[in-house]
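Heads up: the protein sequence lines correspond to chains A and B, in order. In the numbering used here, each residue's number is its place in the first sequence (first place is 1) plus 87. In the numbering used here, each residue's number is its place in the second sequence (first place is 1) plus 87. Ideal placement from N, C-alpha and C gives every residue a C-beta, glycine not left out. Written below as structure tokens is the structure these notes are about.
Number of protein chains: 2
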Amino acid sequence: MSQTKYSIGVDFGTESGRAVLVKVEDGKEVASSVYEYKDGVIDEFLPDTGIRLESDWALQNPADYIQTLEKTIPALLKKSGVNARDIIGIGIDFTSCTMMPTDKRGTPLCLIDKYRNNPHSWVKIWKHHAAQPEADKINEVARKRSEKFLARYGGKYSSEWFFSKSLQILNEAPSIYQAADRLIEGADWIVLQLIGEERRNSCTAGYKALWDFDEGFPSPHFFRALDPRLENIVKEKMSQDIYPLGKKAGGLTAEMARLVGLLTGTPVAIGNVDAHVSVPAATIVSPGKMLMVMGTSICHVMVDRELHIVPGVCGIVKEGILPGYYGYEAGQSGVGDIFAWFVQNCVPGKYWKEAASKRVDIHRLLEEKASTLRPGESGLLALDWWNGNRSVLVDVDLSGLLLGCTLETRPEDVYRTLIEATAFGTYKIINTFEENGVRIEELYACGGLPEKNKLLMQIYADITGREIKIAASSQAPALGSAMFGAVAAGRKKGGYDSIVEAARKMAHLKRESFRPDEENHSVYQGVYAEYEKLHDYFGRGINDVMKQLKSMKMTIRGK
Amino acid sequence: MSQTKYSIGVDFGTESGRAVLVKVEDGKEVASSVYEYKDGVIDEFLPDTGIRLESDWALQNPADYIQTLEKTIPALLKKSGVNARDIIGIGIDFTSCTMMPTDKRGTPLCLIDKYRNNPHSWVKIWKHHAAQPEADKINEVARKRSEKFLARYGGKYSSEWFFSKSLQILNEAPSIYQAADRLIEGADWIVLQLIGEERRNSCTAGYKALWDFDEGFPSPHFFRALDPRLENIVKEKMSQDIYPLGKKAGGLTAEMARLVGLLTGTPVAIGNVDAHVSVPAATIVSPGKMLMVMGTSICHVMVDRELHIVPGVCGIVKEGILPGYYGYEAGQSGVGDIFAWFVQNCVPGKYWKEAASKRVDIHRLLEEKASTLRPGESGLLALDWWNGNRSVLVDVDLSGLLLGCTLETRPEDVYRTLIEATAFGTYKIINTFEENGVRIEELYACGGLPEKNKLLMQIYADITGREIKIAASSQAPALGSAMFGAVAAGRKKGGYDSIVEAARKMAHLKRESFRPDEENHSVYQGVYAEYEKLHDYFGRGINDVMKQLKSMKMTIRGK
Numbered sequence: 088m089s090q091t092k093y094s095i096g097v098d099f100g101t102e103s104g105r106a107v108l109v110k111v112e113d114g115k116e117v118a119s120s121v122y123e124y125k126d127g128v129i130d131e132f133l134p135d136t137g138i139r140l141e142s143d144w145a146l147q148n149p150a151d152y153i154q155t156l157e158k159t160i161p162a163l164l165k166k167s168g169v170n171a172r173d174i175i176g177i178g179i180d181f182t183s184c185t186m187m188p189t190d191k192r193g194t195p196l197c198l199i200d201k202y203r204n205n206p207h208s209w210v211k212i213w214k215h216h217a218a219q220p221e222a223d224k225i226n227e228v229a230r231k232r233s234e235k236f237l238a239r240y241g242g243k244y245s246s247e248w249f250f251s252k253s254l255q256i257l258n259e260a261p262s263i264y265q266a267a268d269r270l271i272e273g274a275d276w277i278v279l280q281l282i283g284e285e286r287r288n289s290c291t292a293g294y295k296a297l298w299d300f301d302e303g304f305p306s307p308h309f310f311r312a313l314d315p316r317l318e319n320i321v322k323e324k325m326s327q328d329i330y331p332l333g334k335k336a337g338g339l340t341a342e343m344a345r346l347v348g349l350l351t352g353t354p355v356a357i358g359n360v361d362a363h364v365s366v367p368a369a370t371i372v373s374p375g376k377m378l379m380v381m382g383t384s385i386c387h388v389m390v391d392r393e394l395h396i397v398p399g400v401c402g403i404v405k406e407g408i409l410p411g412y413y414g415y416e417a418g419q420s421g422v423g424d425i426f427a428w429f430v431q432n433c434v435p436g437k438y439w440k441e442a443a444s445k446r447v448d449i450h451r452l453l454e455e456k457a458s459t460l461r462p463g464e465s466g467l468l469a470l471d472w473w474n475g476n477r478s479v480l481v482d483v484d485l486s487g488l489l490l491g492c493t494l495e496t497r498p499e500d501v502y503r504t505l506i507e508a509t510a511f512g513t514y515k516i517i518n519t520f521e522e523n524g525v526r527i528e529e530l531y532a533c534g535g536l537p538e539k540n541k542l543l544m545q546i547y548a549d550i551t552g553r554e555i556k557i558a559a560s561s562q563a564p565a566l567g568s569a570m571f572g573a574v575a576a577g578r579k580k581g582g583y584d585s586i587v588e589a590a591r592k593m594a595h596l597k598r599e600s601f602r603p604d605e606e607n608h609s610v611y612q613g614v615y616a617e618y619e620k621l622h623d624y625f626g627r628g629i630n631d632v633m634k635q636l637k638s639m640k641m642t643i644r645g646k
Numbered sequence: 088m089s090q091t092k093y094s095i096g097v098d099f100g101t102e103s104g105r106a107v108l109v110k111v112e113d114g115k116e117v118a119s120s121v122y123e124y125k126d127g128v129i130d131e132f133l134p135d136t137g138i139r140l141e142s143d144w145a146l147q148n149p150a151d152y153i154q155t156l157e158k159t160i161p162a163l164l165k166k167s168g169v170n171a172r173d174i175i176g177i178g179i180d181f182t183s184c185t186m187m188p189t190d191k192r193g194t195p196l197c198l199i200d201k202y203r204n205n206p207h208s209w210v211k212i213w214k215h216h217a218a219q220p221e222a223d224k225i226n227e228v229a230r231k232r233s234e235k236f237l238a239r240y241g242g243k244y245s246s247e248w249f250f251s252k253s254l255q256i257l258n259e260a261p262s263i264y265q266a267a268d269r270l271i272e273g274a275d276w277i278v279l280q281l282i283g284e285e286r287r288n289s290c291t292a293g294y295k296a297l298w299d300f301d302e303g304f305p306s307p308h309f310f311r312a313l314d315p316r317l318e319n320i321v322k323e324k325m326s327q328d329i330y331p332l333g334k335k336a337g338g339l340t341a342e343m344a345r346l347v348g349l350l351t352g353t354p355v356a357i358g359n360v361d362a363h364v365s366v367p368a369a370t371i372v373s374p375g376k377m378l379m380v381m382g383t384s385i386c387h388v389m390v391d392r393e394l395h396i397v398p399g400v401c402g403i404v405k406e407g408i409l410p411g412y413y414g415y416e417a418g419q420s421g422v423g424d425i426f427a428w429f430v431q432n433c434v435p436g437k438y439w440k441e442a443a444s445k446r447v448d449i450h451r452l453l454e455e456k457a458s459t460l461r462p463g464e465s466g467l468l469a470l471d472w473w474n475g476n477r478s479v480l481v482d483v484d485l486s487g488l489l490l491g492c493t494l495e496t497r498p499e500d501v502y503r504t505l506i507e508a509t510a511f512g513t514y515k516i517i518n519t520f521e522e523n524g525v526r527i528e529e530l531y532a533c534g535g536l537p538e539k540n541k542l543l544m545q546i547y548a549d550i551t552g553r554e555i556k557i558a559a560s561s562q563a564p565a566l567g568s569a570m571f572g573a574v575a576a577g578r579k580k581g582g583y584d585s586i587v588e589a590a591r592k593m594a595h596l597k598r599e600s601f602r603p604d605e606e607n608h609s610v611y612q613g614v615y616a617e618y619e620k621l622h623d624y625f626g627r628g629i630n631d632v633m634k635q636l637k638s639m640k641m642t643i644r645g646k
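Below you can see the structure in the form of structure tokens.
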């Protein structure tokens, strides 16, 4: 009985799937393995066809998800030398809303020859942005019918979410919609593959599919008002059985056990979402602490005992993150992506040469140069909407702005300004939460950015005026999933009976944190006042130039 | 008598002086010669001293002007084989306001040992920007006294101009001010060197030194209100005798004739300014035709029969460009400079590699890529204020803005947008002229940009909705000066009796012009409406964020 026990967490990301094997007693990572999706993000051509996708599309191939399991789990066992019988549970998390149509048996339609050439048969991932007209329709109908649910989504349902994408399939490919026996989230689809049963999770149901713990899904009347063909979508193509996080979904099927080299019946946790599963992995099990999952974008997630209606949040879901709490989610749709864009498109050759001669990464070189600037010194200000604004404006048609350029403006000035702009975006979210009754005392961070860019973290601390603590694990989602795996196993099998218990043992913080410099904070308050003015002027419809330009662009490209 | 006659034009620029020898009968360029100023633009240290200049200073060494004459004119004779006796006249033009203090004999104080180490003894060139406090004072006093002249300068006297610079000398180096028997424009100083007499020209007097054909200079009361020591500046250090353009200033002195290899007594024209002298060189001798002198910046110059007060112009001067007309000048302080900034700071290494492998200039590569875009397709919009705004806002504290950025934005999108932004800036100037009664039917262009960038010219035609004709000469200022040289000689000596006559014979256009595409113009009207909104919002004080950021930057840099 004193044999060390392990659990596995698998995190299905945007470009790759990543698995970790951790000790249940302390969360220590024993092995990890990554599988880069063969087809990656599909946004130009459908694989192996000349079929061109429209702009704003983003798909994945579900075969890559199975490959992730098949490649990474055996690799964990091999690397660690751990015996399969000491693996007490598995948890998984997924990007979301990442959804697909499947047949009765759960086979994705894109893996069936006769549907394969229709882009709508593929997995639409979170950053598929082509369902805006459908989101507009959902919002219009919901407002007209005064649907109560809208307030829980900050007043706006997103084009990225489940019913926008479902309605787009219906509108543009009714035959695919009809052929789909199920419309299902990636997280739930993977659990279905693992245990052979559909067990929809409360997190994606709540955050993406309008489900509420107390009210359930919207009524068929609402869906009929959207489109008569949609009236029974929940009954016909989804499931009303929603399973809370922290429960066991089932046991590994014999077939899947063979594929991945684990024991049949190994407990599998209810599926989860990458950002939300990271909350306990960052040690957070109580209110007042906002986690920033920082990578290409930022998800802001936290819990509170009460329901506060916060305008412009992504979602407020009872039981959506931790049992017994309301889970709050907000976000910024472009952060690391903006820096990557900048590096790819705006950094001159001489900087690349300098980085090469110093043998440092280009981001690192820019960070070095930008760190010699003091707050306010660049004379620049940006609005961080290169990928639209998720919170608190909830508007994908907004775009990026850079202001204050002179003939002396250097790449490092712009780089720092872009970092500052994303920090102002986070500060705006924090302030909106607090203005509406959700207290935020500390910030926590996980994801790729805190590891890579100390300047960025310090700027976030200085701008928000709050200490930022960093999750010890560089794979917070996978660790969180492994924690839920240990909870699925339960104490009797060497795991834990609750995620709070698991967090106390398995989750840790780095010793180093980022504390705000008061003088910097005060200078940044001045810049933030200007940011807010521009934020409201361009973001709240006083000047809709960004939308005008986008609509002009779309019209001309469509010609 | 049928012997071919020639004239010489010398254009004193920012980095070099350039002379051309042209046939009087048809303006054909027979030879040209350039002298790069040895000391160039002096903006860091005074030559041969360790004396550091403050920021925003820009000086020249007048010895470089004499060197220009001494090197280039003999070179013209040598290259062309033309005999000095067939050179019937010389004209010169200069950047402006480029001014210096001299002693009684016209020797610049910086060439006298005891003054040499004082930066104020040197030539302050047009882009010396350190006299802003003095310009502010002039504007304040003029407004308080309701001086009529202010309206002729768009409501604001510039820090670049004659009295701002003079007052700076008085404020910062009273001993130099006192030692100066003359404060004189470069154009007039060169004429003084050539003919041994001071003959101040109406162009620089009018555009830079507040002189008016009907009213003369401002009264001593005005100058006393500025500073009691300035009361008699005009009488003491300048001259009230202002000579109109198109007149002969005098004949070459024996000494100068020896130096340059021409005949003593060769007629020399009244001095002129580079942009203004280009008007007849681009065939323009009547109203309705605006010339754009396009290079690092753009000067917009034209004539009209009437005086119309146009807010935000640089100057309106009777007899300032062509005899019998009011001359109008406006400008954009950053154009080619912005593209150069972009290429240096924002174009990634892979584009440089592609340009190298295609063996094309990087601007050419960007032009190629940008030319595949249709108007409105980039989804971007910029305000072209990287170097402030000269017209019609007259505000050096404004800065550049780029709006509409997405993760798909490419360097060529931004490059094209910057071109469009400068074209919108020109369009704004054109519209402001027309709204205030100055009709503009056609555009003409000369300078470096029209030669280099056809895409840019087409975009200007499309945005302004006007045909753009291009001066045949790539050295329009020098040709214009040679034309005035031929007029100084007069018909009896084989030249012409008026600049209109000279223009008909000597000035030519390229066969190729740029005609607006109606469809493009219509799309651009939509974008321009958005440009105007931003222009007024940020430029007219509704949101003064640009000034706030600049002031923050200056404060922090000053710490």
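Taking a contact to mean a Cβ-Cβ separation below 7 Å, would you say Leu467(A) touches Gly491(A) in this structure?
Locating residue 467(A) in the first sequence gives position 380, where the first residue counts as 1. Locating residue 491(A) in the first sequence gives position 404, where the first residue counts as 1. Cβ distance < 7 Å, so Leu467(A) and Gly491(A) count as in contact.
Closer than 9 Å by beta-carbon distance: list the chain B residues that pair up with Lys620(A), in chain order.
Taking the first sequence and counting its residues from 1, the one referred to as residue 620(A) is at position 533. Near Lys620(A) (Cβ distances below 9 Å), the residues of chain B are Asn630 and Val632.
Would Ser120(B) pass as a contact of Thr91(B) if the rule is Cβ separation under 7 Å?
Counting from one through the second sequence, the residue named residue 120(B) turns up at place 33. Counting from one through the second sequence, the residue named residue 91(B) turns up at place 4. Contact: no.
Take His215(B) and list the residues in its own chain whose beta-carbon comes closer than 8 Å to its own, dropping the five residues that flank it on each side.
Indexing the second sequence from 1 puts residue 215(B) at position 128. A distance below 8 Å between beta-carbons, with the five flanking residues on each side excluded, links His215(B) to the following residues of its chain, in chain order: Asp143, Trp144, Ala145, Leu146, Glu247 and Lys252.
Who pairs with Ala446(A) in a beta bridge, going by DSSP?
Sequence index remark: in the first sequence, residue 446(A) carries index 359 (1-based). Reading off the sequence shown, one finds Arg at residue 446(A), where the question assumed Ala. DSSP output for Arg446(A) lists no bridge partner at all.
Around the Cβ of Met88(A), are there at least 16 other Cβ atoms within 10 angstroms (buried) or fewer (exposed)?
One-based indexing of the first sequence puts residue 88(A) at position 1. Only weak support exists for where Met88(A) lies, its pLDDT of 45 falling under 50; the value from the coordinates is given anyway. Answer is exposed; the Cβ neighbour count stays below 16.
At the level of alpha carbons, what is the spacing between Leu530(B) and Cys433(A)?
One-based indexing of the second sequence puts residue 530(B) at position 443. One-based indexing of the first sequence puts residue 433(A) at position 346. Leu530(B) and Cys433(A) have their C-alpha atoms spaced approximately 34 Å apart.
With 16 other Cβ atoms within 10 Å as the buried cut-off, status of Ile506(A):
Your numbering for residue 506(A) matches position 419 in the first sequence. Flag for Ile506(A) reads buried.
Closer than 7 Å to chain A by CB, Lys637(B)
Locating residue 637(B) in the second sequence gives position 550, where the first residue counts as 1. Answer yes: the Cβ-Cβ gap between Lys637(B) and chain A drops below 7 Å somewhere.
Below 7 Å on C-beta distance, what does Ile546(B) contact in chain A?
Against the second sequence, residue 546(B) aligns to sequence position 459. Neighbours of Ile546(B) on chain A: none; closest Cβ ~15 Å, over 7 Å.
Find out if the Cβ-Cβ distance for the pair Leu489(A), Asn476(A) is shorter than 7 Å.
As a first step, residue 489(A) is located in the first sequence; it is residue number 402 there, counting from the start. As a first step, residue 476(A) is located in the first sequence; it is residue number 389 there, counting from the start. It is not a contact, given that the beta carbons lie outside the stated cut-off.
Would you say Trp428(A) faces chain E, with C-beta separation under 7 Å as the test?
You won't find chain E in this structure, because its protein chains are A and B.
In chain A, which residues lie less than 8 Å from Thr182(B) when you measure between Cβ atoms?
For this step, residue 182(B) is matched to residue 95 along the second sequence. Within chain A, not a single residue places a beta-carbon under 8 Å from that of Thr182(B); the smallest gap is close to 18 Å.
Other residues of its chain near Pro331(A): CB distance less than 6 Å, five sequence neighbours each side excluded:
In the first sequence, counting from the first residue as 1, residue 331(A) sits at position 244. Correct list, in chain order: Ser289 and Glu406.
In the DSSP assignment, find the unbroken alpha helix (DSSP H) run with Thr496(B) in it and report its ends.
The sequence position of residue 496(B) within the second sequence is 409, counting from 1. Run containing Thr496(B): none; DSSP gives neither H nor E here.
Evaluate Gly535(A) with the Cβ neighbour count: other Cβ atoms within 10 Å of its Cβ, from every protein chain shown; 16 or more gives buried, anything less gives exposed.
By one-based count along the first sequence, residue 535(A) stands at place 448. Within 10 angstroms of the beta-carbon of Gly535(A) lie fewer than 16 other beta-carbons, which makes it exposed.
When the cut-off is 7 Å and only beta carbons count, does Asp200(A) lie next to chain B?
If you number the first sequence from 1, residue 200(A) lands on position 113. At a cut-off of 7 Å between beta carbons, Asp200(A) makes no contact with chain B.
With 16 other Cβ atoms within 10 Å as the buried cut-off, status of Arg172(B)
The residue you call residue 172(B) lines up with position 85 of the second sequence. So Arg172(B) ends up on the exposed side.
Is it the case that the Cβ atoms of Glu617(B) and Gln612(A) are separated by a distance below 7 Å?
The residue given as residue 617(B) occupies position 530 in the second sequence. The residue given as residue 612(A) occupies position 525 in the first sequence. Contact: no.
At a cut of 8 Å, does the stretch 187-197 of chain A reach the stretch 217-235 of chain A through at least three beta carbon pairs?
Counting C-beta pairs closer than 8 Å gives fewer than three between the stretch 187-197 of chain A and the stretch 217-235 of chain A, which falls short of the contact rule.
Is any beta-carbon of chain B found at less than 7 Å from that of Glu464(A)?
Locating residue 464(A) in the first sequence gives position 377, where the first residue counts as 1. With a threshold of 7 Å between beta carbons, Glu464(A) makes contact with chain B.
Just the chain B side, please: which residues come within less than 7 Å of Trp439(A) by C-beta, in chain order?
As a first step, residue 439(A) must be located in the first sequence, where it is residue number 352. Among the residues of chain B, those whose CB is under 7 Å from the CB of Trp439(A) are Gly436, following chain order.
Look at the Cβ atom of Trp473(A), then the Cβ atom of Ile425(A), and state whether they are nearer than 7 Å.
As a working note, residue 473(A) is residue 386 in the first sequence. As a working note, residue 425(A) is residue 338 in the first sequence. Yes, the Cβ-Cβ distance between Trp473(A) and Ile425(A) is below 7 Å.
Check whether the stretch 395-406 of chain B touches the stretch 588-603 of chain B, counting contact only when three or more Cβ pairs, one atom from each stretch, lie closer than 8 Å.
No, because fewer than three Cβ pairs between the stretch 395-406 of chain B and the stretch 588-603 of chain B fall closer than 8 Å, the two stretches do not touch.
For Ile174(A), which three-state DSSP category applies?
Taking the first sequence and counting its residues from 1, one reaches residue 174(A) at position 87. Three-state result, Ile174(A): strand.
Would you mind working out which of Gln255(B), Gly242(B) and Glu234(B) sits nearest Pro206(B), comparing C-alpha positions?
Working through the second sequence from its first residue, we reach residue 206(B) at position 119. If we check each option's Cα against that of Pro206(B), Gln255(B) comes out closest.
Taking the continuous alpha helix (DSSP H) assigned at His215(B), which residues delimit it?
Residue mapping note: residue 215(B) aligns to position 128 of the second sequence, counting from 1. No alpha helix (DSSP H) holds His215(B); DSSP gives it neither H nor E.
Residue interval of the beta strand (DSSP E) (run including Val117(B))
To locate residue 117(B), count along the second sequence from 1; it is residue 30. DSSP places Val117(B) inside the beta strand (DSSP E), whose first and last residues are Glu116 to Glu123.
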